[in-house]
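There are 2 protein chains.
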Amino acid sequence: MKNTLVCIFLFLSIPLFAEDGSRLWLRYEPLPELVSENYQQIISNICPAGSTETARIIEQEFVSAFENMNRRNLKFSKIITTNSLVFEIDTTIQSGYFIQTKKIKKGTYTSISASNDIDLLYGMYHLLRLMQMQEDITHLDIHEKPVYDRRILNHWDNIDGSIERGYAGRSLWDWDDLPGKISPRYTEYARANASIGINGTVLNNVNANPLFLSKEYVLKTAKLADIFRPWGIRVYLSVNFSSPTALGGLSTSDPLNVEVRQWWKDKAKEIYALIPDFGGFLVKANSEGLPGPQDFGRTHADGANMLAEALEPYKGIVMWRAFVYNATSPDRAKQAYEEFMPLDGQFHKNVIIQVKNGPIDFQPREPFNPLFGAMQKTPLMLEFQITQEYLGFSLQLAYLAPLYKECLDADTYSKGEGSTIAKVTDGSLFSQAVTAIAGVANTGNDANWTGHHLAQANWYCFGRLAWNPDLTSGQIAGEWLKMTFTTESAFVEPVKEMLLESREAVVNYMMPLGLAHLFAWEHHYGPEPWLAIPGARPDWMPSYYHKTDSIGLGFDRTVSGSDAVSEYFPPLSTIYNDITTCPENLILWFHHVHWNYRMHSNRTLWDELCYKYQDGVDAARKFQKVWDKMAPFMDKERFEDVQGKLKIQTTDAVWWKDACLLYFQTESRQPIPYEIERPVHDLKKLKSEKPVNPIP
Amino acid sequence: MKNTLVCIFLFLSIPLFAEDGSRLWLRYEPLPELVSENYQQIISNICPAGSTETARIIEQEFVSAFENMNRRNLKFSKIITTNSLVFEIDTTIQSGYFIQTKKIKKGTYTSISASNDIDLLYGMYHLLRLMQMQEDITHLDIHEKPVYDRRILNHWDNIDGSIERGYAGRSLWDWDDLPGKISPRYTEYARANASIGINGTVLNNVNANPLFLSKEYVLKTAKLADIFRPWGIRVYLSVNFSSPTALGGLSTSDPLNVEVRQWWKDKAKEIYALIPDFGGFLVKANSEGLPGPQDFGRTHADGANMLAEALEPYKGIVMWRAFVYNATSPDRAKQAYEEFMPLDGQFHKNVIIQVKNGPIDFQPREPFNPLFGAMQKTPLMLEFQITQEYLGFSLQLAYLAPLYKECLDADTYSKGEGSTIAKVTDGSLFSQAVTAIAGVANTGNDANWTGHHLAQANWYCFGRLAWNPDLTSGQIAGEWLKMTFTTESAFVEPVKEMLLESREAVVNYMMPLGLAHLFAWEHHYGPEPWLAIPGARPDWMPSYYHKTDSIGLGFDRTVSGSDAVSEYFPPLSTIYNDITTCPENLILWFHHVHWNYRMHSNRTLWDELCYKYQDGVDAARKFQKVWDKMAPFMDKERFEDVQGKLKIQTTDAVWWKDACLLYFQTESRQPIPYEIERPVHDLKKLKSEKPVNPIP
């Protein structure tokens, strides 16, 4: 009988219209009657924000959202009365917005005030968020301001419409059609970003095609900038360092060459003539084969400063990436530090060094990059990866707020305890002319933007943390779930828990205990820890990272090893250096650990490794169970799509577990503990079959 | 430290020579010193059995085995002394053999006695079995005789060397090379069969090519018969009922036609001239498109009796198969009974009706065929399938003794309680001129004979049960494991348990609760319960068997359904007819059960179904764990081969579970209970991908 009821409930509760996820967290579904009645009492008319394009957006967005949620038309007024929502420009406000319930004769009104219309827009989205979450808005007294000035998405989108590490379709930018033909998605994109406070976008891949700086493409970019501007989004471009040669026809791109410098200045002038609020350049130079100042015997500072000078008249910035490594170093994890620390203090003040969260490359777990806190005379910005290059593409659930938080909250000890990465990058510990944070976007032209419906949460949480890194992962997950699905706690609580566990699950079934880069060649989906390509760069082979042998597993980065530990401030350097104090979730990152080393669980390393992989698989299976219970809370389309993805996740978690354990077992030569599920894959077969890129 | 020890043990204990499984249970490995010393004291010389070819075999086999096991040469003697092993022909013995410890002056000797040398051979293998199992042979007093006269393997081998439903390579018979070139495997085959008491072999497929009766092929068959004869193995042939037309050039094969009858008599004469102990014919007629007497308006009895008359002068028998069904019947399970019961008493006395254990077709579980016990005036013989057509081919472990025992021990109630199938077919309840039992062989030219190392146990247990159906599955498993691997109880006990659970595991993850025939089209590997081929025979579609709909699942064979229950004797007919008394492991065979019907577990049918599938998967996973512990007890080759097969089994168990639950869920419209692992397969994808035959 119970089952019958569940069943009926399930089938009745499915809405009748199709759901493709395109509405993201901006769904504005009708609210329950009681909640709505309350909101209608508090807000029944609005005093618009002015006559700018942004003011028009605020008015349109709020009215449309309010009327959808409350099934009630708003009145418009220029006079503040009780039950008004008033958008006020107040130039005395330094930053951010206020949302306040204010008293007048006979009652109250709600005020959103800020010094400019973009901040008003943010305030408006804040209020809408509260309503979507069915929060009490009777007595509001909110002041919000963003922690980072520049909150930027990096799109690794190519000129041909492909996206490097993109798993949600093709690029959102139809370069061939621009500037003549305008996709409605450009505005939707800007709107989604504005709703979470993102205010900048680098349109093209860091592996940059010089053509993006051609007049033709700058015109296209200008068109996008025009569309994004009222939403508070500035555009930036990735630039190829050899553009003066490749595009300008010069014989060199040497940053100290006068003609080269002039070429960049002319280019900047050209860009700003078309895009007066152009944000600046993002540069990947002397990295993975890309050109850079070192090709001419110059330093990163020489290169960055040349560009900075060109942009400086227009208040543009240079985001210069620290993602550098060369093939011959015995420890890739040390190289960004080695290359950039000597340059500290040599960069112009409109240069900011963009540093990936970890010293290698967006692995499921890395320690933080030791440049943070160390490079004190140069502004640094974090680069997170939102697209799940190393966390299962858009096929697997990995809610990334916990990864971002782990880094933001990490204590560098650079100015004593409490010198978290958030603090060393937000200007509060070291003075910075610019503060910024970047995330490599997971968006594409898929209807639901991110491929996996639940991966929308990663776009969302990046924006929210860029605004306020003190938010918790759970808070953000809660917001997103309530807005994207339902506020019912029978849905929100279990799914929030699932989201919060999901990144650790991926770590466990892919690379627990500080392992890194066991990925399949090139496309990075699936395990290939045994990979050995004769003649290939050793630092592109998994064995470079896991260093397994008959003794044990892991990379010795202690003082008797590569000494990467010494790039960290004390006491971290000591903590990491000592196997007994090193956090176990990084133990194989910093130590070559004996197979029979006793872990805190009192298991040997080998046994612990087996348990961790099993934990990962078990978690994936649990996610399936949790999700299957959620059918009554949403449309069939999204439910089944996620259900299907979770099947892939479990299947591939087992694949990871089997591949890694079977491979490492050839060195550990120890049995898998009896409690652990046996492998179902065959090592020989796995080795003989190149993992297929599931999203080529 | 513990793990290190296990590890060292594991690697030291692997023998240095390769093991391909070709030695079956006749390995004769050196015995532990203490055991061997004892055996050497009891037997130090032998008095051979005579000068026949079989006597020579007995001598050679025993001496070679004894010397291998005990590392000690035997002496030969014609005089009985203490410590002799004496083979004695004693024509007063009616059947079987005696093994006895006999007293003489100054001590004892061991005697194996029988009325003929073939029974002596069986006695010799019995003694060797005791020694392989390290049993005490100090005081022996054994009398064994077989329960069935004819213990026969059926080979579904084709003239082109292929095997229908064969999963261990190609046919053992090299027809093209015979009779000139003789494979050593012919003798090895005969030896293996003799060692477990099998005394007959039908060389060719029941879907018989008429060419097998040509002079050319009879000469080939005669050569095999010559090789098998000293091992006590008679050859039989499957015959095509239209051979007179197809081979003899007659215009008809009508069994009442004089020329046809003469053709068969001439053919029998020709065969017996070359093979004086030829066993007889096996016939599949008017079944699955094969010709038969009904093509001429005659009955099965007309057809069988014509052949019986032809064979009668030579004491040959006809084994006429009752595996018949036509496309239009509403219940295939009833048809053998309907077609054969009217003919009871009409068959010649050298005809025996060969009846598959279940009324459908070798499913993982069926109730017994109701012809057993019902057809009381006609000899009946059981046909088991040793080859795992419906139980995972040679890729999955399914030890079949429990399936055979379930049938042999089933009570038909035909002469009141205790009328088991063993008793209604062994001549003890109904007088039978012939008693016999057949098993469809799982052998092929693979080095290890049966594809899966552990499938050798099915060949073995069929032979043992054909000799003595009172043996338990556990006894037989114990014998086989000790001879094939080791007598160490740390190996024998857990692996025996695994074998004993294995068939039920297959039932659970394929077709629990009495489900049947959900198999993939044609090749029968993998699930395809949704299969619906427009225009195809309905009784070849799974829906014919599972009859799922929104109400429930299962085939209503009660009196208000197809009334198949009434083909059983009371009280079975009543027990099966009543859903509350019907055994739950057959409930969906006999009833269309409501999805919410409460099972004994107090779960609904749907939930119970889910739990059963999960049980199957869990069992497969457990088998992997158990096996992984067995590495120290055997060679790497067999260990890893079975380990690999068990991986396939678990993988495919999950496939079965997912496919069936997802498919049935479309009708039950109920959630899978939370405790049950979620599907990892996608129904739509499963349906779109035709299951591949893994052993084409």
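Going line by line, the protein sequences match chains L and B. Sequential numbering from 1 applies to the first sequence in the working numbering. Sequential numbering from 1 applies to the second sequence in the working numbering. From the three backbone atoms N, C-alpha and C, an ideal C-beta is built for every residue, glycine too.
Residue i to residue j span [Cα, whole Å]
i, j, result
"isoleucine 271 of chain B", "phenylalanine 278 of chain B", "7 Å"
"glutamate 309 of chain L", "phenylalanine 340 of chain L", "20 Å"
"glycine 358 of chain L", "leucine 588 of chain L", "15 Å"
"glycine 197 of chain L", "tryptophan 231 of chain L", "10 Å"
"arginine 170 of chain L", "glutamine 624 of chain B", "44 Å"
"proline 696 of chain B", "glutamate 19 of chain L", "44 Å"
"tyrosine 509 of chain B", "leucine 24 of chain B", "29 Å"
"lysine 612 of chain B", "tryptophan 656 of chain B", "12 Å"
"leucine 465 of chain B", "threonine 472 of chain B", "9 Å"
"leucine 120 of chain L", "isoleucine 58 of chain L", "8 Å"
"glutamine 670 of chain B", "cysteine 660 of chain B", "14 Å"
"arginine 185 of chain B", "isoleucine 233 of chain B", "15 Å"
"arginine 150 of chain B", "asparagine 199 of chain B", "6 Å"
"leucine 130 of chain B", "glutamate 567 of chain B", "44 Å"
Within 8 Å, strictly: CB atoms of residue i and residue j
i, j, result
"arginine 537 of chain B", "leucine 400 of chain B", "no"
"valine 593 of chain L", "glycine 552 of chain L", "yes"
"leucine 172 of chain B", "threonine 443 of chain B", "yes"
"leucine 26 of chain B", "alanine 192 of chain B", "yes"
"valine 260 of chain L", "aspartate 266 of chain L", "no"
"isoleucine 152 of chain B", "tyrosine 236 of chain B", "yes"
"glycine 166 of chain B", "threonine 450 of chain B", "no"
"glycine 373 of chain L", "phenylalanine 519 of chain L", "no"
"glutamate 366 of chain B", "alanine 516 of chain B", "yes"
"asparagine 205 of chain L", "aspartate 157 of chain L", "yes"
"isoleucine 46 of chain L", "leucine 85 of chain L", "yes"
Local Cβ density within 10 Å of residue i, reported as buried at 16 or more and exposed below that
i, result
"valine 258 of chain L", "exposed"
"leucine 219 of chain B", "exposed"
"glycine 303 of chain L", "buried"
"glycine 554 of chain L", "buried"
"phenylalanine 76 of chain L", "exposed"
"asparagine 305 of chain B", "buried"
"alanine 273 of chain L", "exposed"
"isoleucine 672 of chain L", "buried"
Sequence-distant residues of its chain with Cβ nearer than 6 Å to residue i (five each side left out)
i, result
"proline 494 of chain B", "Val626"
"serine 44 of chain L", "Asn83"
"serine 113 of chain B", "Glu88, Asp90 and Phe98"
"phenylalanine 11 of chain B", "Here the model assigns phenylalanine 11 of chain B a pLDDT of 43, short of 50, so the residue's position is not dependable, and the following value carries that caveat. Same-chain partners within the cutoff: there are none."
"tryptophan 467 of chain B", "Pro146 and Gly197"
"proline 15 of chain L", "Annotation note: pLDDT 48 at proline 15 of chain L (below 50); position unreliable, coordinate value reported separately. Closer than 6 Å at Cβ, skipping near neighbours: Asp635."
"tyrosine 674 of chain B", "none"
Cut-off 7 Å between Cβ atoms - residues of its own chain near residue i, not counting five sequence neighbours on either side
i, result
"isoleucine 42 of chain L", "Asn83, Thr110, Ile137 and Thr138"
"glutamate 637 of chain L", "Ala18, Glu19 and Asp20"
The ligand GTP heavy atom lying under 7 Å from the CB of residue i
i, result
"asparagine 305 of chain L", "Judged by which ligands are present, the structure shown has none, so any question about the ligand GTP falls away."
Close-in-space but distant-in-sequence residues of the same chain around residue i (CB under 8 Å, 5 per side omitted)
i, result
"aspartate 697 of chain B", "The structure shown does not extend to residue 697 of chain B, since chain B is modelled only from 1 through 696, so no value can be given for it."
"lysine 547 of chain L", "Leu553, Gly554, Phe555, Asp556 and His592"
Is the region 655-669 of chain L in contact with the region 521-530 of chain L, if contact means three or more CB pairs nearer than 8 Å?
-> Three or more beta-carbon pairs drawn from the region 655-669 of chain L and the region 521-530 of chain L are found closer than 8 Å, and the two stretches are therefore classed as touching.
Can at least three beta-carbon pairs, one atom from the region 378-398 of chain L and one from the region 430-441 of chain L, be found at a separation below 8 Å?
-> Output reads yes: the region 430-441 of chain L touches the region 378-398 of chain L.
Contact between the region 210-220 of chain L and the region 234-245 of chain L (3+ Cβ pairs under 8 Å) | Short answer: they touch.
Pairing CB atoms from the region 347-355 of chain L with CB atoms from the region 301-321 of chain L, are three or more of them under 8 Å?
-> Yes, since at least three Cβ pairs between the region 347-355 of chain L and the region 301-321 of chain L fall closer than 8 Å, the two stretches touch.
Could you say if the region 604-622 of chain L and the region 477-495 of chain L meet the contact criterion of at least three C-beta pairs nearer than 8 Å?
-> Short answer: they don't touch.
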